[in-house]
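Trainee: Quick one: the structure is below, questions incoming.
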Amino acid sequence: MNRFELLNLLKKTIQDELVICNIGLPSQELYKLNDRPNYFYMLGSMGLASSIGLGLSLTVDKNVISIDGDGSVLMNMNTLATIGNRAPSNYTLLIVDNGSYGSTGDQKTFTNERTSLKEVAIGAGCKNVIECSGEETDGNLKKALADKDNSYVIISKIQSGNVPIKPIPLNAVTIRDRFRKSIGLVSYL
Amino acid sequence: MVLLKYYSYKMKISQKIITNLKEGGADFFLSVPCKLLANMITILENDKDIYYSAIPREEEGMGICAGAYLGNKLPCIMMQNTGIGNSVNSIVSLLQLYQMPVVFLISYRGTPGEPVGAQGGMASVTEDILNTLRIPMLHCNTEDDLDKISTFTNHAKVIESPVAVLCNFNLMKDD
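Chains U and E are the protein sequences, given in the same order. Residue numbering for the first sequence follows the numbering used here, beginning at 1 and increasing consecutively. Residue numbering for the second sequence follows the numbering used here, beginning at 1 and increasing consecutively.
So, in structure tokens, the structure goes:
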């Protein structure tokens, strides 16, 4: 199973949740599969999808899912410590671990070698860290979303590989405004 | 109230900064600690009206602030000026790209009074970086300057942009 197939599998489960999606192909694939106003496509700032989701989950009651990648988590590993100590129960970090920098040509990451993001997350203080196959991910995500008392980190081990896809034809402020509208915030002022 | 009186006596500058930030609308605070921010952190840790947490790195903080803004908060991240160096891409390709207001409350290390020579390097480029990023700056050199923080904080919301409050070493050191 590759990322596109995984996201297709999760499509129904995440349809009404607040999703912060990683830069590049993950966002483009999610957009192609099922674009929703409650999906925030992160167009820059590689590494920060996990942190944006954390900040959002601290300020709203609804479930928040950060869809991140192994390369991106490796870039911002300190945020696992913040998640381990501060994440509220409505927060789920889903790490799509395909062992590669998918958006830049599938160069291998360290999760192909000696690094285990599961062990890193546990060591950083994260509770309910689940490593599973792509096929098992939907069930684990449903469990995380239904649990009103705990945050989760789910590491979905899948194959590398991408589908041909185009950049998202939305500008950043449009993504921002429709996302805020979806949680009832039409205007800030 | 007893606590507030204690702070206003012992931590006059720090209390004034926090009061002004809150008056301007800031209601979500993060910090990457600095000795000069220590009193402000103590005040925030005891403030039940707002969210506060220390975090390990400033760039991550820009992400958390972005999320808090999406959830309708006006975030403030407190850090040394060195943190700007750690955060340039996240400021440009997240906060500015999506037009998100965030207040940077910066302890300006390496300004006159600073005992650590190594802080001089980042101090000498901090304002050039902020200028290059087109981030409005408020310089606080005296206690009177602190009165401008509230309007400046609200300004971030109005222009939907990060703004930077720079507090010089000598202003903070005896607080």
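Note that CB positions come from ideal geometry on N, CA and C, so glycine has one too. Predicted model, so just to flag it, every value in this text is computed and none were measured.
Which chain U residues sit within Cβ distance under 7 Å of Asn46/E?
Mentor: What Asn46/E touches in chain U: nothing, since even the nearest Cβ is about 18 Å away.
Trainee: Can you tell me whether Gly123/U is buried or exposed, with buried defined as 16 or more other CB within 10 angstroms of its CB?
Mentor: The residue in question, Gly123/U, is exposed, as its Cβ has fewer than 16 Cβ neighbours within 10 Å.
Trainee: Provide the residue(s) that pair with Val32/E in DSSP beta bridges, ordered along the chain.
Mentor: None; Val32/E has no bridge partner.
Trainee: Take the Cβ of Glu143/E as the centre, count every other Cβ of all protein chains shown within 10 Å, and call the residue buried at 16 or more, exposed below.
Mentor: By the neighbour-count rule (16 or more Cβ atoms within 10 Å), Glu143/E is not buried but exposed.
Trainee: For the region 35-53 of chain U and the region 60-79 of chain E, state whether three or more C-beta atom pairs, one from each stretch, are separated by less than 8 Å.
Mentor: The region 35-53 of chain U vs the region 60-79 of chain E: in contact.
Trainee: Within a Cβ cutoff of 7 Å, which residues of the same chain sit near Ile14/U, ignoring the five residues on either side of it in sequence?
Mentor: Taken in chain order, the residues that qualify are Ile65.
Trainee: So which of Glu127/E, Asp175/E, Ala123/E and Lys73/E has the shortest CA-CA distance to Ala164/E?
Mentor: When each option's Cα is compared against that of Ala164/E, the closest is Glu127/E.
Trainee: Quick one: Cα of Asn76/U to Cα of Gly67/E, how far?
Mentor: Each residue's Cα considered, the two are about 16 Å apart.
Trainee: Thinking Ile154/U and Ala144/U are a contact (beta carbons under 8 Å), I'd like their distance in whole angstroms, please.
Mentor: Their Cβ separation, rounded to whole angstroms, is 6 Å, which keeps Ile154/U and Ala144/U in contact under 8 Å.
Trainee: Within 10 angstroms of the Cβ of Leu166/E, are there 16 or more other Cβ atoms? Answer buried if so, exposed if not.
Mentor: It is buried - the Cβ of Leu166/E has at least 16 other Cβ atoms within 10 Å.
Trainee: Could you give the residue range of the alpha helix (DSSP H) that holds Asp49/E?
Mentor: Premise fails: Asp49/E is in no alpha helix (DSSP H) and is neither H nor E.
Trainee: Under the three-state reduction of DSSP, which class applies to Cys132/U: helix, strand or coil?
Mentor: DSSP places Cys132/U in strand when its eight states are reduced to three.
Trainee: Should Ile77/E and Phe104/E be called a contact, given that it needs their Cβ atoms to be closer than 8 Å?
Mentor: A contact, by the Cβ cut-off of 8 Å.
Trainee: What residues in the region 45-62 of chain U have a beta carbon less than 9 Å from any beta carbon of chain E?
Mentor: Hits within the stretch, in order: Ser45, Met46, Gly47, Leu48, Ala49, Ser50, Ser51, Ile52, Gly53, Leu54, Gly55, Leu56, Ser57, Leu58, Thr59 and Val60.
Trainee: Can you pull the DSSP bridge partners for Lys108/U?
Mentor: Beta-bridge pairing links Lys108/U to Ser100/U.
Trainee: To the nearest angstrom, how far is it from the Cα of His139/E to the Cα of Ser89/U?
Mentor: If you take the alpha carbons of His139/E and Ser89/U, they lie about 40 Å apart.
Trainee: Indicate whether Phe29/E and Arg109/E have their beta-carbon atoms separated by less than 8 Å.
Mentor: No, the pair does not count as a contact, with Cβ atoms beyond the cut-off.
Trainee: Rounding to the nearest angstrom, what Cα-Cα distance links Ser90/E and Ala156/E in this structure?
Mentor: Looking at the two C-alpha atoms, the distance is approximately 17 Å.
Trainee: Is the region 36-46 of chain U close to the region 176-183 of chain U, with three or more CB pairs under 8 Å?
Mentor: The region 36-46 of chain U vs the region 176-183 of chain U: in contact.
Trainee: Listing by chain order, which chain E residues have their CB less than 7 Å from the CB of Arg180/U?
Mentor: In chain order: Leu70.
Trainee: Since I believe Ile67/U is in contact with Val19/U (beta carbons under 8 Å), could you give me their beta-carbon distance rounded to a whole number of angstroms?
Mentor: With a Cβ gap of about 6 Å, Val19/U and Ile67/U count as contacting.
Trainee: If contacts are defined as beta-carbon pairs under 8 Å, then Glu131/U and Lys118/U qualify, I think. What distance do you get, rounded to the angstrom?
Mentor: At roughly 4 Å, the Cβ-Cβ gap stays under 8 Å, so Glu131/U and Lys118/U are in contact.
Trainee: Looking at chain E, which residues of the region 74-87 of chain U have a Cβ within less than 7 Å of any of its Cβ atoms?
Mentor: Of all residues in the region 74-87 of chain U, Asn76, Asn78, Thr79, Ala81, Thr82 and Arg86 have a Cβ within less than 7 Å of some Cβ in chain E.
Trainee: Starting from the beta carbon of Ala172/U, find every residue of chain E whose beta carbon is closer than 7 Å, and list them in chain order.
Mentor: By Cβ distance, chain E contributes Leu97 and Tyr98.
Trainee: Rounded to a whole number of angstroms, what is the C-alpha to C-alpha distance between Tyr51/E and Asn141/E?
Mentor: Rounded to the nearest angstrom, the two C-alpha atoms are 28 Å apart.
Trainee: List the endpoints of the continuous alpha helix (DSSP H) containing Leu56/U.
Mentor: Ala49 to Ser57 is the extent of the alpha helix (DSSP H) around Leu56/U.
Trainee: Below 8 Å on the Cβ atoms is my contact criterion, and I expect Ser100/U with Thr109/U to pass it. Report the Cβ-Cβ distance as a whole number of Å.
Mentor: With a Cβ gap of about 6 Å, Ser100/U and Thr109/U count as contacting.
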